[in-house]
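The listed protein sequences derive, respectively, from chains A and B. Residue numbers for the first sequence, in my numbering: 73 to 661. Residue numbers for the second sequence, in my numbering: 73 to 661. Don't be surprised by glycine CBs; every beta carbon is placed ideally from N, CA and C. Predicted model only: the values in this text are computed from it and were never measured.
Protein chains: 2
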Amino acid sequence: MHTRKHIVAAARGDERMDTVIRKTQLVNVFTAEIYTADIGIKEDRFSAIARYENGKPLFNMEGDAEVDGTGKYAVPGFIDCHVHIESTMVTPDMFARALLQRGTTTAVIDPHEIGNVMGAEGVEYMINASRNLPVQILTTIPSSVPAVPGMETAGASFGPDDIDSLLDMPGVVGIAELMDYIGVIKQSDRMAGIVQKGLNKGVLNEGHLPRVTGRDLHAYLAAGVNSDHESRTPDEIIEKLRAGMLIYIRESSVSQFADIAAKAWEVVPHASNIAMCTDDVEPNDMQNNGQMNRVIQRCIEEGIPAPLAIRYASLNGAIRYSLSDRGAIAPGYIADFSLVNSLETMQIDDVFIQGDLMVKEGEVVVDIESSIPPLDKNTMRLPELTEEDFQIHSSVKDGMVTVNTMEMTDIGTTQKGTLELKVTEGHIETLPNDYVLVSVTGRHGQNRKPFVGVLRNAGLKKGAYATTVAHDSHNLVVAGTNARDMLLAAKRLEQSGGGLCLVEDGDVKAQINLPIAGLMAAEPIEELAPKIERFNEAAKSMGVQVGRRSPSMALSSLTLSVIPEIRITDLGLVDVTKQAFIPLIDSSY
Amino acid sequence: MHTRKHIVAAARGDERMDTVIRKTQLVNVFTAEIYTADIGIKEDRFSAIARYENGKPLFNMEGDAEVDGTGKYAVPGFIDCHVHIESTMVTPDMFARALLQRGTTTAVIDPHEIGNVMGAEGVEYMINASRNLPVQILTTIPSSVPAVPGMETAGASFGPDDIDSLLDMPGVVGIAELMDYIGVIKQSDRMAGIVQKGLNKGVLNEGHLPRVTGRDLHAYLAAGVNSDHESRTPDEIIEKLRAGMLIYIRESSVSQFADIAAKAWEVVPHASNIAMCTDDVEPNDMQNNGQMNRVIQRCIEEGIPAPLAIRYASLNGAIRYSLSDRGAIAPGYIADFSLVNSLETMQIDDVFIQGDLMVKEGEVVVDIESSIPPLDKNTMRLPELTEEDFQIHSSVKDGMVTVNTMEMTDIGTTQKGTLELKVTEGHIETLPNDYVLVSVTGRHGQNRKPFVGVLRNAGLKKGAYATTVAHDSHNLVVAGTNARDMLLAAKRLEQSGGGLCLVEDGDVKAQINLPIAGLMAAEPIEELAPKIERFNEAAKSMGVQVGRRSPSMALSSLTLSVIPEIRITDLGLVDVTKQAFIPLIDSSY
Numbered sequence: 073m074h075t076r077k078h079i080v081a082a083a084r085g086d087e088r089m090d091t092v093i094r095k096t097q098l099v100n101v102f103t104a105e106i107y108t109a110d111i112g113i114k115e116d117r118f119s120a121i122a123r124y125e126n127g128k129p130l131f132n133m134e135g136d137a138e139v140d141g142t143g144k145y146a147v148p149g150f151i152d153c154h155v156h157i158e159s160t161m162v163t164p165d166m167f168a169r170a171l172l173q174r175g176t177t178t179a180v181i182d183p184h185e186i187g188n189v190m191g192a193e194g195v196e197y198m199i200n201a202s203r204n205l206p207v208q209i210l211t212t213i214p215s216s217v218p219a220v221p222g223m224e225t226a227g228a229s230f231g232p233d234d235i236d237s238l239l240d241m242p243g244v245v246g247i248a249e250l251m252d253y254i255g256v257i258k259q260s261d262r263m264a265g266i267v268q269k270g271l272n273k274g275v276l277n278e279g280h281l282p283r284v285t286g287r288d289l290h291a292y293l294a295a296g297v298n299s300d301h302e303s304r305t306p307d308e309i310i311e312k313l314r315a316g317m318l319i320y321i322r323e324s325s326v327s328q329f330a331d332i333a334a335k336a337w338e339v340v341p342h343a344s345n346i347a348m349c350t351d352d353v354e355p356n357d358m359q360n361n362g363q364m365n366r367v368i369q370r371c372i373e374e375g376i377p378a379p380l381a382i383r384y385a386s387l388n389g390a391i392r393y394s395l396s397d398r399g400a401i402a403p404g405y406i407a408d409f410s411l412v413n414s415l416e417t418m419q420i421d422d423v424f425i426q427g428d429l430m431v432k433e434g435e436v437v438v439d440i441e442s443s444i445p446p447l448d449k450n451t452m453r454l455p456e457l458t459e460e461d462f463q464i465h466s467s468v469k470d471g472m473v474t475v476n477t478m479e480m481t482d483i484g485t486t487q488k489g490t491l492e493l494k495v496t497e498g499h500i501e502t503l504p505n506d507y508v509l510v511s512v513t514g515r516h517g518q519n520r521k522p523f524v525g526v527l528r529n530a531g532l533k534k535g536a537y538a539t540t541v542a543h544d545s546h547n548l549v550v551a552g553t554n555a556r557d558m559l560l561a562a563k564r565l566e567q568s569g570g571g572l573c574l575v576e577d578g579d580v581k582a583q584i585n586l587p588i589a590g591l592m593a594a595e596p597i598e599e600l601a602p603k604i605e606r607f608n609e610a611a612k613s614m615g616v617q618v619g620r621r622s623p624s625m626a627l628s629s630l631t632l633s634v635i636p637e638i639r640i641t642d643l644g645l646v647d648v649t650k651q652a653f654i655p656l657i658d659s660s661y
Numbered sequence: 073m074h075t076r077k078h079i080v081a082a083a084r085g086d087e088r089m090d091t092v093i094r095k096t097q098l099v100n101v102f103t104a105e106i107y108t109a110d111i112g113i114k115e116d117r118f119s120a121i122a123r124y125e126n127g128k129p130l131f132n133m134e135g136d137a138e139v140d141g142t143g144k145y146a147v148p149g150f151i152d153c154h155v156h157i158e159s160t161m162v163t164p165d166m167f168a169r170a171l172l173q174r175g176t177t178t179a180v181i182d183p184h185e186i187g188n189v190m191g192a193e194g195v196e197y198m199i200n201a202s203r204n205l206p207v208q209i210l211t212t213i214p215s216s217v218p219a220v221p222g223m224e225t226a227g228a229s230f231g232p233d234d235i236d237s238l239l240d241m242p243g244v245v246g247i248a249e250l251m252d253y254i255g256v257i258k259q260s261d262r263m264a265g266i267v268q269k270g271l272n273k274g275v276l277n278e279g280h281l282p283r284v285t286g287r288d289l290h291a292y293l294a295a296g297v298n299s300d301h302e303s304r305t306p307d308e309i310i311e312k313l314r315a316g317m318l319i320y321i322r323e324s325s326v327s328q329f330a331d332i333a334a335k336a337w338e339v340v341p342h343a344s345n346i347a348m349c350t351d352d353v354e355p356n357d358m359q360n361n362g363q364m365n366r367v368i369q370r371c372i373e374e375g376i377p378a379p380l381a382i383r384y385a386s387l388n389g390a391i392r393y394s395l396s397d398r399g400a401i402a403p404g405y406i407a408d409f410s411l412v413n414s415l416e417t418m419q420i421d422d423v424f425i426q427g428d429l430m431v432k433e434g435e436v437v438v439d440i441e442s443s444i445p446p447l448d449k450n451t452m453r454l455p456e457l458t459e460e461d462f463q464i465h466s467s468v469k470d471g472m473v474t475v476n477t478m479e480m481t482d483i484g485t486t487q488k489g490t491l492e493l494k495v496t497e498g499h500i501e502t503l504p505n506d507y508v509l510v511s512v513t514g515r516h517g518q519n520r521k522p523f524v525g526v527l528r529n530a531g532l533k534k535g536a537y538a539t540t541v542a543h544d545s546h547n548l549v550v551a552g553t554n555a556r557d558m559l560l561a562a563k564r565l566e567q568s569g570g571g572l573c574l575v576e577d578g579d580v581k582a583q584i585n586l587p588i589a590g591l592m593a594a595e596p597i598e599e600l601a602p603k604i605e606r607f608n609e610a611a612k613s614m615g616v617q618v619g620r621r622s623p624s625m626a627l628s629s630l631t632l633s634v635i636p637e638i639r640i641t642d643l644g645l646v647d648v649t650k651q652a653f654i655p656l657i658d659s660s661y
C-alpha cells in the first residue's frame, strides 16, 4: 500500500512532482467551474493544483515529466454507472482498452447476458477477468436470470440466495437493474427476496423503470431500489428526480436520452441526483461515436453546462458508488483523468491512469490483458439438427392454414399479424415476399427441436442469418428463406462457439466469431468493429434492413419477450402484453 | 429488521398510511424546490409523496393519523456534521433531547473533551450512552488527545493504535478534526500514523484547518484529510471548495460563519461540497438561539436559497457520512423530519423520528434516556491543596520582581505583558487593579501543586472563579483576588466532581455541578440553561466581563495553548507562537 508521504511532500513543495500538467483548462467538478491551472501528480494521486491568477500559477511546481496542457481541458476519468460489457462483444480486457481510449476510467458492469448463458460461472469469469485492469471495473449482480421466467429457457436461474452468494465476490457493489419492476412493486417473493439481500448486505439495488410514474414509482423507491436509466420524457425525469431517484443519463447504441435530460435540467438546474451511463454500446458504435464521452458531448450539445455534464459523468457516479477518492481532479484523489482538445467534441487526447500516461493522442500505449485467459468452453449445447427442423410442420397434411406472424416495425417493435399459407404433405413449402422463416433453438442443453415461426419485414431476401446474441437468454436465432442455408448457419455457429453468421446458397458470406459464451471475442474493438461493418454490408446485400439499428443486431431483440407486442423464444410465440404463448398455426381449413 | 412489505403496499395504495402530512410545503433537497405535497409515512419510512398540481395531489393517500401541514414547511431532519456534546454540558441523552427539539436528527460527535479527561473510558461512555436514542448519534474518534503534547498534561494520550482500537466501536464513522495540521502536512510519525489508520479502516479523516491555503492546504488534502469547518473569509472557503474539501458551514457559540459562506456561495452557486455543523453550542446559547436550525436560518438570512441551505444541512451531510437512507423526504428514506412555520425563523414546530411524533409544537413529548446510567465517577484527582498553593512565591525574599503576565483582549485572544511587583517574605502580597491571580491545577492525578500566574483584564474584582471546563485538558482553573476564596472554590469543585464555582468572601455565590468528567450534567438544557444564566449574573456582579463570550466560559480557553499569544497550563506559562515555556518571574532586582 502506498503511504501518503511522498504525495504530501510534493504538495508542500519538498519533493518534485512526478508529472506536472502545465497551464491546462481544469474542469472543476466540485465548483462547476473551468479555469487555468497547473496539475501536480505524485505517485498514483493528484498532489496539488495551482490555479492561475493574473496569468500566473498561485504556486510553482516542478515535475520529472512536464506536459503542456495549453488549449486542452483536463477532465476527471469518467464513471459509467451501468454498462453491459457483452454488448460491446469483447472480453473485459478489450472492453477496458476501448473505454480507456475514450476517457472512461471506472465502469460498473452488469454481466447480465453471460449470466443468462452460463450462470454463476459466467458472472465469476467476468468479475475475475475484470480485476486489476487499468480501468476500475465494479460489478452489479444480474437480477434477472432468467429475464422472464416461464417464457423462455435461459442457461441458468438466479434466486435470492444465488445472488446473495455472488454479492460476496470482490468488487461487487450492488444488484443490477431490477427489471421485473412489477415483482418489486407487488413484492413477489422472488423480487422482494432479491432486494432484501441487497439491503441486508448494504449494497445498492439498481433500478430499471421505463415509463413508470406516480405511486408505482414511489412503491419501487419505497421497496429500496433507487436508480433509473430508462426515462423517456423530461417530465418522467423530473418526477423521478423529485422522488429522490438517482437518474443516469443514458446514451446507448439503442436509446439516446441526452436531449430529454437537458430539457429536464432546465426545469431543475440545481438537481443533485444525476449521473451517467452507456448501458449498451455496440462495437462499431463505440468505434464511430464513442462511449461516455459521447454521452457528455450530447448533454453539452443539448445545453447542459459542460462542468455540470462532466460532474454527472464523474463525481456524481463516484458518490453513488462510494468511491471516495475518484471522480475529481483534486489533491488526494486518484490521478485518473484525460486531456481533451474540445468540450464540443469530447474527443479524448491523452488519458492518465493513476498518474501514468496510458493513452497518447488517442492511441493506447500500454498492453492491457486480463490476468486470466478468455473462457475456453463452447457453450453451444444444441440438439441434433437437420434441414427438416427448420421447416414449419402442420398437423394438416394438405390444405390452407392461418399462421400467427411477427411483423417488425420501423422503430424496432413488433406487431402480431396473420398469414394464410398452403400446406403440402404436412409442411409449408413457400412464404410470400417479405416473409421469412425464423427459428429459436435452445442452446443451453434444453435438447428440444427449434421452434420455427414466420417473420415479416426483416428485409432478408435470400439465404439465412444466424445469431447467438439474442436477448436475454441468448438462444440460437436463425432466420432465412430456406431450411438448407439455415441449417448450415446454425452448424457454423455450433462449431465456432457462437456469434453471427450469414449464409447464401450454401456459402458463408460473413461470420463473426464470439466464442466466449456466444457473446464475446477476445480481440480489440479496432479489429472487431471493421468485421461488424463487413458483416453489416453483407447483411444489407442480402436485403436486411432494420431502421436505425445495426444489421448485426437485426435479430437480437426478437426474443425479448418483455417488449410489445409479439416475440419468439425457444418455447414458442409470446403475446407480450398477456405474457402467454399463442399457437403458430391459428386454424386450418 | 423491518421488511419493506407494508411500506411498499402503502405506496402502491393497497394499505393505508400510518400518517399523512396533508398539504404541506415540501422542501425537496434533491431538486432544490419547494412545492405543495402530501407526505405518506408507513412504519419507519416515507412511503409516498404526492405533489400538488392545480390544487390537487397527484394521487390520494389516507392515513390512520392525519396532520394538517397547511402553511408549514416539511424539512428533512438536520445532520450536524461535527459537534462536541461536552460543549452543551449535558449527557448524550439530554443532548439528543435538545437537538431533537430543534430539528436535528443525526449528529456526528467528537468526544474530544471527555477523551482528554478520561481517555478511552470516556470515549466509550459517550458512544454507549449515545446508542439507541431518537437522534442518531455517530462518532468520530478524537485525534488530539492531548491537544498539544508536552505543553500541558491531559488525562490520557491517544496514539495511532489507541485510535485504531476505538474505530472499531459501533457507530464510529471517522477520526475527528485533525487539529495538528502541521503534523499532518509535515507527516510527523504520530499524525501520519493516525491518518493512515483512518485510511486503512476506510473511515473519514475529518479536518480542522483555520487560515491555511495554498500548497499547505493541498498537502493536507493530499494527506487524506478532506473536510474543514474553520474558514474565516469567503476567499478561504472558495479556495477550499475548489480544492475539493468538504466545507461545513459553522455557527457555534463562539464562531459564526454563515455570512462568509453566503458570500462564497455567490461566487460558486453550483458548488456541491458543502454541509453544516455547530461544533460547540453552550447550553444557554442552545436555549436562546437554537442549534442547526440557527445555522440554516442564518444562511438563508445571508442570501443562500432556503432549499440549498437545507440541502447542506441534510442530504449533503448524509452523503458525507454514507447515510444512504437519511437526509431527504422521499420514498424509502427514514422518516426523520420536521414541520416548521417559517423558513425565515426556522423555529421548529413538530419533529418526527422514524415516523413517530416526538416534538409537538416545540415540546418534547417522549422520554429520552440513555440505556446506560451517567458515569458515576469523580474524575477530580487533585493534589493536597492549601491557601499557600494559590499564592505566587519567589526565590527573592524581599524586593521587586518583573512578572510575565497574560492580558485578555476584547476578542478573546491573549497578549503577553509584564508587571513590576513587590515581594515580601518570599511571596507577592497584592496585585494592582485589573490583575488577578490565575492558577491551573492538574486534576488527572499529576500530583503537582498549582501553577499560579497573573491575569489582566478578566474583570473579576473580588473573590474567586473556578472551572473544570478548560480546553483541551480540562485541568482545574481558578482565578481570584485572594488565595482563600480560590482554595474554597477548588475544594467545592473537587467535592462535586467538577463544574463551575464562584466564591466571594468565603461564600459560594454560584455553582454549576458537572459531575460527569467535570464537563457534563445529567439534566435537560431547560434546567441547566437558567442555572448558567444565574451563574453569569453572579459572575457579572463580581466584575467578570469577557466581550461577547458567556461569563461561564470566561476562563475556559486560557489553557488553550494553540491560540496566540500566551496561555497557561498545569505546566506553566506558554509562549504559543514559540511553543515554549516562559518563566513567570522574568527577573528580580
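query: Expected contact under 8 Å - CB spacing of A/T219 and A/M251 to nearest Å; result: Checking the sequence shown, residue 219 of chain A turns out to be Ala, not Thr. That belief holds up - the Cβ atoms of A/A219 and A/M251 are roughly 7 Å apart, short of 8 Å.
query: Exposed unless 16 or more other CB atoms sit within 10 angstroms - verdict on A/K114; result: buried
query: Contacting residues, own chain, Cβ-Cβ under 6 Å from A/S629 (five flanking each side not counted); result: H543
query: Interfacial residues, the segment 118–147 of chain A to chain B, with Cβ spacing under 9 Å; result: F118, S119, A120, I121, A122, R123, L130, F131 and M133
query: Other residues of its chain near A/A378: CB distance less than 6 Å, five sequence neighbours each side excluded; result: I372 and L415
query: Neighbouring residues, chain B, relative to A/K77 (Cβ below 8 Å); result: Q259 and A264
query: Residue environment, B/Y384, which counts as buried when at least 16 other CB atoms sit within 10 Å; result: buried
query: Spatially closest choice to B/F150 from B/S660, B/I657, B/I310 and B/N365, by CA coordinates; result: B/N365
query: CB contact flag (B/A562, B/A593, <8 Å); result: no
query: Residue-level contact to chain B via CB, A/P403, 8 Å cutoff; result: yes
query: Interface partners of A/L380 on chain B, CB under 8 Å; result: H342
query: Any C-beta of chain A under 8 Å from that of B/E105; result: yes
query: Cutoff 8 Å: B/I662 Cβ touching any chain A Cβ; result: This structure does not reach residue 662 of chain B, given that chain B is present from 73 up to 661, and the question cannot be answered.
query: Chain B contact for A/V80 (CB, 8 Å cutoff); result: yes
query: Test: B/L293 CB closer than 8 Å to a CB of chain A; result: yes
query: Residue-level contact to chain A via CB, B/S467, 8 Å cutoff; result: no
query: Under 7 Å by beta carbon: chain B residues contacting A/L313; result: F102 and T103
query: A/R123 in three-state terms, based on DSSP; result: strand
query: CB contact below 8 Å: A/D288 versus chain B; result: yes
query: Alpha helix (DSSP H) runs wholly inside the segment 340–423 of chain B, at least 4 long, in chain order; result: 355–361, 364–373, 378–384 and 387–392
query: C-beta atoms of A/R88 and A/G135 nearer than 8 Å; result: yes
query: Whole runs of the alpha helix (DSSP H) within the segment 74–115 of chain A, excluding any shorter than 4 residues; result: 77–84
query: Span separating the alpha-carbon of B/V207 from that of B/N272; result: 29 Å
query: A/T540 - DSSP class collapsed to helix/strand/coil; result: coil
query: Those residues which DSSP pairs with B/Y507 across a bridge; result: B/R528
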